[in-house]
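Under the working numbering, the first residue of the sequence shown is numbered 8, with each subsequent residue one higher.
The structure appears right after this line, and notes come after that.
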Amino acid sequence: ILVGYLLLRFHILKKEHIKVLGLFLIKVALPCLLLVNISAQDFSQLIQVPFLVSYSLVSLGVFSLALLIYLKKFNYPLNEAGVMGMGAAMSNTGFIGCGLLYLFLGERAAIYFGMAFLIENFIIFFLFLICLELSKKNTNLLEMLRSALVNILKNPIVIALILGFSLSAMQIPLPEVLIKVFKPIGQISAPLGLLVIGGSLYGISIAAQKHLAQDVCIMLSLKLILMPLLVYGIFQFFPSASDEMIFAGTLLASVSMVGIFAIFAQQLNMQKAPPILLITTLMSIFSLSIVIHYLKF
(Lines of atoms letter the chains of each structure in order from A and count residues from 1; the text may use other names and numbers.)
(Lines give C-alpha, C1' and ligand atoms only; values in the text may rest on other atoms or scores of the structure.)
Protein backbone atom coordinates (compact mmCIF):
# COMPACT_ATOMS: atom_id res chain seq x y z
CA ILE A 1 0.00 0.00 0.00
CA LEU A 2 2.82 2.37 0.90
CA VAL A 3 4.65 1.58 -2.35
CA GLY A 4 1.52 2.42 -4.34
CA TYR A 5 1.15 5.73 -2.53
CA LEU A 6 4.82 6.66 -3.03
CA LEU A 7 4.69 5.82 -6.74
CA LEU A 8 2.16 8.62 -7.17
CA ARG A 9 3.69 10.90 -4.56
CA PHE A 10 6.97 10.99 -6.51
CA HIS A 11 5.19 11.07 -9.90
CA ILE A 12 6.53 7.71 -11.09
CA LEU A 13 2.95 6.80 -11.97
CA LYS A 14 -0.14 8.94 -12.49
CA LYS A 15 -3.74 8.49 -11.36
CA GLU A 16 -4.79 7.25 -14.78
CA HIS A 17 -2.10 4.53 -14.59
CA ILE A 18 -3.51 3.33 -11.27
CA LYS A 19 -6.99 3.16 -12.81
CA VAL A 20 -5.66 0.98 -15.64
CA LEU A 21 -3.86 -1.29 -13.17
CA GLY A 22 -7.08 -1.58 -11.19
CA LEU A 23 -9.01 -2.54 -14.31
CA PHE A 24 -6.36 -5.12 -15.20
CA LEU A 25 -6.63 -6.60 -11.72
CA ILE A 26 -10.44 -6.85 -11.75
CA LYS A 27 -10.90 -7.89 -15.38
CA VAL A 28 -7.84 -10.11 -15.97
CA ALA A 29 -5.64 -11.05 -13.00
CA LEU A 30 -8.30 -11.93 -10.41
CA PRO A 31 -10.46 -13.91 -12.86
CA CYS A 32 -7.37 -15.93 -13.87
CA LEU A 33 -6.49 -16.58 -10.24
CA LEU A 34 -10.01 -17.64 -9.28
CA LEU A 35 -10.58 -19.84 -12.32
CA VAL A 36 -7.37 -21.79 -11.69
CA ASN A 37 -7.79 -22.15 -7.93
CA ILE A 38 -11.56 -22.71 -7.72
CA SER A 39 -11.60 -25.32 -10.50
CA ALA A 40 -8.83 -27.26 -8.69
CA GLN A 41 -10.80 -27.52 -5.41
CA ASP A 42 -12.98 -30.39 -4.27
CA PHE A 43 -16.54 -29.17 -4.93
CA SER A 44 -17.71 -30.28 -1.49
CA GLN A 45 -15.26 -27.75 0.01
CA LEU A 46 -16.46 -24.83 -2.10
CA ILE A 47 -19.88 -24.41 -0.48
CA GLN A 48 -19.34 -23.65 3.20
CA VAL A 49 -22.81 -23.21 4.75
CA PRO A 50 -21.64 -21.49 7.98
CA PHE A 51 -19.69 -18.95 5.93
CA LEU A 52 -22.55 -18.29 3.52
CA VAL A 53 -25.11 -17.90 6.33
CA SER A 54 -22.93 -15.72 8.56
CA TYR A 55 -21.58 -13.42 5.86
CA SER A 56 -24.92 -13.09 4.05
CA LEU A 57 -26.96 -12.27 7.16
CA VAL A 58 -24.46 -9.74 8.47
CA SER A 59 -23.94 -8.05 5.10
CA LEU A 60 -27.70 -7.72 4.60
CA GLY A 61 -28.22 -6.52 8.18
CA VAL A 62 -25.50 -3.87 8.07
CA PHE A 63 -26.68 -2.63 4.66
CA SER A 64 -30.26 -2.34 5.95
CA LEU A 65 -29.15 -0.57 9.14
CA ALA A 66 -27.05 1.99 7.26
CA LEU A 67 -29.87 2.52 4.76
CA LEU A 68 -32.38 3.18 7.56
CA ILE A 69 -30.01 5.53 9.41
CA TYR A 70 -29.46 7.73 6.38
CA LEU A 71 -33.06 7.55 5.18
CA LYS A 72 -34.85 8.13 8.49
CA LYS A 73 -32.31 9.95 10.66
CA PHE A 74 -30.65 12.20 8.08
CA ASN A 75 -33.38 12.25 5.37
CA TYR A 76 -31.04 11.28 2.54
CA PRO A 77 -32.62 10.48 -0.83
CA LEU A 78 -32.80 6.74 -1.53
CA ASN A 79 -29.91 6.69 -4.00
CA GLU A 80 -27.53 8.49 -1.58
CA ALA A 81 -28.64 6.32 1.35
CA GLY A 82 -28.00 3.28 -0.86
CA VAL A 83 -24.43 4.47 -1.46
CA MET A 84 -23.84 4.73 2.29
CA GLY A 85 -25.39 1.29 2.80
CA MET A 86 -23.09 -0.22 0.20
CA GLY A 87 -20.09 1.45 1.85
CA ALA A 88 -21.02 0.06 5.25
CA ALA A 89 -21.67 -3.52 4.11
CA MET A 90 -19.42 -4.18 1.10
CA SER A 91 -15.73 -4.79 1.78
CA ASN A 92 -12.85 -4.05 -0.55
CA THR A 93 -12.57 -7.77 -1.18
CA GLY A 94 -10.93 -7.46 -4.60
CA PHE A 95 -8.01 -5.23 -3.74
CA ILE A 96 -7.32 -5.64 0.00
CA GLY A 97 -9.18 -8.78 1.09
CA CYS A 98 -7.75 -10.88 -1.73
CA GLY A 99 -4.17 -9.83 -1.02
CA LEU A 100 -4.36 -10.50 2.70
CA LEU A 101 -6.19 -13.82 2.42
CA TYR A 102 -3.64 -15.20 -0.03
CA LEU A 103 -0.80 -14.19 2.30
CA PHE A 104 -2.25 -16.41 5.03
CA LEU A 105 -4.24 -19.15 3.28
CA GLY A 106 -2.56 -19.60 -0.07
CA GLU A 107 -4.73 -21.19 -2.75
CA ARG A 108 -7.51 -22.00 -0.23
CA ALA A 109 -8.16 -18.25 -0.04
CA ALA A 110 -10.04 -18.59 -3.33
CA ILE A 111 -12.81 -20.55 -1.59
CA TYR A 112 -13.63 -17.78 0.89
CA PHE A 113 -12.93 -14.95 -1.53
CA GLY A 114 -15.30 -16.55 -4.05
CA MET A 115 -18.15 -16.95 -1.58
CA ALA A 116 -17.72 -13.42 -0.18
CA PHE A 117 -17.57 -11.91 -3.66
CA LEU A 118 -20.76 -13.67 -4.75
CA ILE A 119 -22.57 -12.55 -1.58
CA GLU A 120 -21.42 -8.95 -2.01
CA ASN A 121 -22.50 -8.81 -5.64
CA PHE A 122 -25.73 -10.83 -5.64
CA ILE A 123 -27.01 -9.36 -2.37
CA ILE A 124 -25.42 -6.01 -1.48
CA PHE A 125 -24.52 -4.61 -4.90
CA PHE A 126 -27.80 -5.92 -6.33
CA LEU A 127 -29.77 -4.11 -3.58
CA PHE A 128 -27.70 -0.99 -4.14
CA LEU A 129 -28.52 -1.01 -7.87
CA ILE A 130 -32.20 -1.40 -6.99
CA CYS A 131 -31.97 1.67 -4.71
CA LEU A 132 -30.45 3.64 -7.58
CA GLU A 133 -33.21 2.60 -9.96
CA LEU A 134 -36.06 3.14 -7.47
CA SER A 135 -34.86 6.70 -6.93
CA LYS A 136 -35.63 7.42 -10.59
CA LYS A 137 -39.09 8.26 -11.85
CA ASN A 138 -41.14 5.89 -14.01
CA THR A 139 -39.07 2.86 -13.05
CA ASN A 140 -40.05 -0.47 -14.60
CA LEU A 141 -39.44 -2.99 -11.82
CA LEU A 142 -38.89 -6.05 -14.03
CA GLU A 143 -36.62 -4.18 -16.41
CA MET A 144 -34.71 -2.77 -13.44
CA LEU A 145 -34.14 -6.24 -11.94
CA ARG A 146 -33.12 -7.68 -15.29
CA SER A 147 -30.65 -4.86 -15.94
CA ALA A 148 -29.11 -5.18 -12.47
CA LEU A 149 -28.70 -8.94 -12.82
CA VAL A 150 -27.17 -8.66 -16.29
CA ASN A 151 -24.64 -6.10 -15.05
CA ILE A 152 -23.53 -8.46 -12.27
CA LEU A 153 -23.32 -11.50 -14.55
CA LYS A 154 -21.13 -9.56 -17.00
CA ASN A 155 -18.50 -9.06 -14.31
CA PRO A 156 -15.36 -11.06 -15.31
CA ILE A 157 -14.84 -12.20 -11.71
CA VAL A 158 -18.38 -13.57 -11.53
CA ILE A 159 -17.88 -15.32 -14.88
CA ALA A 160 -14.62 -16.87 -13.61
CA LEU A 161 -16.31 -18.01 -10.39
CA ILE A 162 -19.20 -19.63 -12.28
CA LEU A 163 -16.78 -21.42 -14.64
CA GLY A 164 -14.57 -22.51 -11.75
CA PHE A 165 -17.50 -23.85 -9.72
CA SER A 166 -18.87 -25.64 -12.80
CA LEU A 167 -15.55 -27.34 -13.61
CA SER A 168 -15.13 -28.37 -9.98
CA ALA A 169 -18.68 -29.77 -9.79
CA MET A 170 -18.21 -31.77 -13.00
CA GLN A 171 -14.70 -32.85 -11.92
CA ILE A 172 -13.26 -31.55 -15.18
CA PRO A 173 -9.66 -30.33 -14.72
CA LEU A 174 -8.60 -27.12 -16.38
CA PRO A 175 -6.26 -27.95 -19.28
CA GLU A 176 -2.60 -27.79 -18.25
CA VAL A 177 -1.77 -25.30 -20.99
CA LEU A 178 -4.37 -22.87 -19.60
CA ILE A 179 -3.07 -23.33 -16.05
CA LYS A 180 0.44 -22.43 -17.24
CA VAL A 181 -0.93 -19.26 -18.83
CA PHE A 182 -3.46 -18.17 -16.20
CA LYS A 183 -1.65 -19.06 -12.98
CA PRO A 184 1.31 -16.61 -13.24
CA ILE A 185 -1.06 -13.84 -14.34
CA GLY A 186 -3.29 -14.52 -11.34
CA GLN A 187 -0.40 -14.63 -8.88
CA ILE A 188 0.20 -10.89 -9.21
CA SER A 189 -3.31 -10.18 -7.88
CA ALA A 190 -2.35 -10.00 -4.20
CA PRO A 191 0.51 -7.46 -4.40
CA LEU A 192 -1.09 -5.51 -7.26
CA GLY A 193 -4.35 -5.09 -5.34
CA LEU A 194 -2.57 -3.58 -2.34
CA LEU A 195 -0.47 -1.35 -4.59
CA VAL A 196 -3.58 -0.04 -6.38
CA ILE A 197 -5.19 0.82 -3.03
CA GLY A 198 -2.14 2.85 -2.03
CA GLY A 199 -2.13 4.70 -5.33
CA SER A 200 -5.84 5.45 -5.17
CA LEU A 201 -5.43 7.03 -1.74
CA TYR A 202 -2.96 9.63 -3.03
CA GLY A 203 -4.50 13.03 -3.64
CA ILE A 204 -7.61 12.52 -1.47
CA SER A 205 -8.04 15.61 0.66
CA ILE A 206 -9.65 15.46 4.08
CA ALA A 207 -11.03 18.96 3.63
CA ALA A 208 -13.47 20.43 6.13
CA GLN A 209 -16.92 19.27 5.09
CA LYS A 210 -20.24 19.44 6.82
CA HIS A 211 -20.90 16.46 9.10
CA LEU A 212 -17.74 14.68 7.91
CA ALA A 213 -16.74 13.61 11.43
CA GLN A 214 -20.28 12.34 12.05
CA ASP A 215 -20.32 10.27 8.86
CA VAL A 216 -16.84 8.92 9.49
CA CYS A 217 -17.87 7.76 12.98
CA ILE A 218 -21.00 6.06 11.63
CA MET A 219 -19.21 4.30 8.78
CA LEU A 220 -16.27 3.25 10.96
CA SER A 221 -18.64 1.86 13.56
CA LEU A 222 -20.69 -0.09 11.03
CA LYS A 223 -17.94 -1.29 8.70
CA LEU A 224 -14.91 -1.89 10.92
CA ILE A 225 -16.50 -2.68 14.29
CA LEU A 226 -20.07 -3.97 13.98
CA MET A 227 -19.67 -6.06 10.81
CA PRO A 228 -16.62 -8.13 11.89
CA LEU A 229 -18.04 -8.59 15.40
CA LEU A 230 -21.35 -9.88 14.02
CA VAL A 231 -19.66 -12.21 11.53
CA TYR A 232 -17.48 -13.64 14.29
CA GLY A 233 -20.48 -13.90 16.64
CA ILE A 234 -22.70 -15.80 14.20
CA PHE A 235 -19.89 -18.25 13.46
CA GLN A 236 -20.05 -19.30 17.11
CA PHE A 237 -23.48 -20.86 16.46
CA PHE A 238 -21.90 -23.27 13.96
CA PRO A 239 -19.83 -26.02 15.60
CA SER A 240 -18.67 -27.06 12.13
CA ALA A 241 -17.06 -23.66 11.47
CA SER A 242 -13.29 -24.21 11.34
CA ASP A 243 -10.69 -21.77 12.67
CA GLU A 244 -9.69 -21.10 9.08
CA MET A 245 -13.25 -20.21 8.10
CA ILE A 246 -13.77 -17.94 11.11
CA PHE A 247 -10.48 -16.18 10.41
CA ALA A 248 -11.26 -15.69 6.69
CA GLY A 249 -14.80 -14.41 7.25
CA THR A 250 -13.89 -12.05 10.07
CA LEU A 251 -10.85 -10.76 8.19
CA LEU A 252 -12.88 -9.98 5.07
CA ALA A 253 -15.56 -8.27 7.19
CA SER A 254 -12.94 -6.05 8.84
CA VAL A 255 -11.60 -4.75 5.52
CA SER A 256 -12.46 -1.15 4.62
CA MET A 257 -15.22 -0.30 2.17
CA VAL A 258 -15.11 -1.10 -1.53
CA GLY A 259 -13.53 1.53 -3.79
CA ILE A 260 -16.62 1.96 -5.99
CA PHE A 261 -18.27 3.54 -2.93
CA ALA A 262 -16.40 6.76 -3.72
CA ILE A 263 -17.02 6.44 -7.47
CA PHE A 264 -20.81 6.16 -7.20
CA ALA A 265 -20.89 8.79 -4.45
CA GLN A 266 -19.04 11.32 -6.58
CA GLN A 267 -21.47 10.68 -9.44
CA LEU A 268 -24.20 11.81 -7.01
CA ASN A 269 -22.07 14.82 -5.97
CA MET A 270 -21.44 13.40 -2.48
CA GLN A 271 -18.06 15.06 -1.97
CA LYS A 272 -17.56 13.62 1.52
CA ALA A 273 -17.12 10.07 0.17
CA PRO A 274 -13.39 10.18 -0.76
CA PRO A 275 -12.32 11.46 2.68
CA ILE A 276 -14.52 8.81 4.33
CA LEU A 277 -12.89 6.15 2.13
CA LEU A 278 -9.40 7.43 3.00
CA ILE A 279 -9.97 7.51 6.77
CA THR A 280 -11.74 4.15 6.80
CA THR A 281 -8.95 2.52 4.79
CA LEU A 282 -6.30 3.88 7.14
CA MET A 283 -8.27 2.80 10.22
CA SER A 284 -8.74 -0.68 8.78
CA ILE A 285 -5.03 -1.21 9.49
CA PHE A 286 -6.06 -1.49 13.15
CA SER A 287 -9.16 -3.66 12.61
CA LEU A 288 -7.21 -6.04 10.36
CA SER A 289 -4.28 -6.19 12.77
CA ILE A 290 -6.59 -7.10 15.64
CA VAL A 291 -8.21 -9.92 13.65
CA ILE A 292 -4.84 -11.25 12.47
CA HIS A 293 -3.38 -11.11 15.99
CA TYR A 294 -6.25 -12.84 17.79
CA LEU A 295 -7.75 -15.17 15.16
CA LYS A 296 -4.82 -16.29 13.03
CA PHE A 297 -4.80 -20.06 13.56
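In this text, a Cβ means the ideal position worked out from N, Cα and C, and glycines have one as well.
Of all alpha-carbon atoms in Val65, Lys22, Leu15, Leu42, the one lying nearest the alpha-carbon of Leu236 is that of Val65. When the alpha-carbon of Tyr109 is set against those of Ile33, Leu168, Gly240, Gly193, the nearest one is in Gly193. Under DSSP, Met264 shares a beta bridge with Ser98. Excluding sequence positions up to five before and after Leu78, its CB lies within less than 6 Å of the CB of Ala88, all in the same chain and listed in chain order. Bounds of the alpha helix (DSSP H) holding His24 are 22-31. Closest in alpha carbon position to Met234, among Leu15, Tyr62, Leu30, Val10, is Tyr62.
For Phe135, the CB contacts under 6 Å within the same chain, skipping 5 residues up- and downstream, are Gly89, Met93 in chain order. If you check the CB distance, Phe58 and Tyr119 come in under 8 Å. Ranking Leu302, Val203, Leu125 by CA distance to the CA of Leu15 puts Val203 first. Comparing C-alpha distances from Phe17 to each of Ser294, Tyr209, Ile166, Cys138 shows the shortest one belongs to Tyr209. Within the same chain, and ignoring the five residues on either side of Met252 in sequence, the residues whose Cβ sits closer than 8 Å to its Cβ are Gln55, Pro57, Phe58, Tyr119, Phe242.
For Leu258 and Ile103, the gap between their C-alpha atoms comes out near 10 Å.
The beta carbon of Gln178 sits closer than 8 Å to the beta carbons of Phe50 from its chain, once the five residues preceding and following it are set aside; these are given in chain order. In the structure shown, Gly206 adopts helical secondary structure according to DSSP, grouped into three states.
By the CB criterion at 8 Å, Met226 and Ala95 fall inside the cutoff. Non-local C-beta neighbours of Ser294 in its own chain, meaning closer than 7 Å and more than five positions away in sequence, comprise Leu231, Pro235, Ser261, ordered along the chain.
Between Phe189 and Leu42, the C-beta gap is smaller than 8 Å, which places the two residues in contact. Annotation for Ile164: the continuous alpha helix (DSSP H) segment containing it runs 163-176. One thing to note: Ile45 has its Cβ no nearer than 8 Å to the Cβ of Leu125.
Rounded to the nearest whole angstrom, the CA to CA distance from Ser98 to Cys105 is 11 Å. In the three-state DSSP reduction, Lys143 falls in the coil class, being neither helix nor strand.
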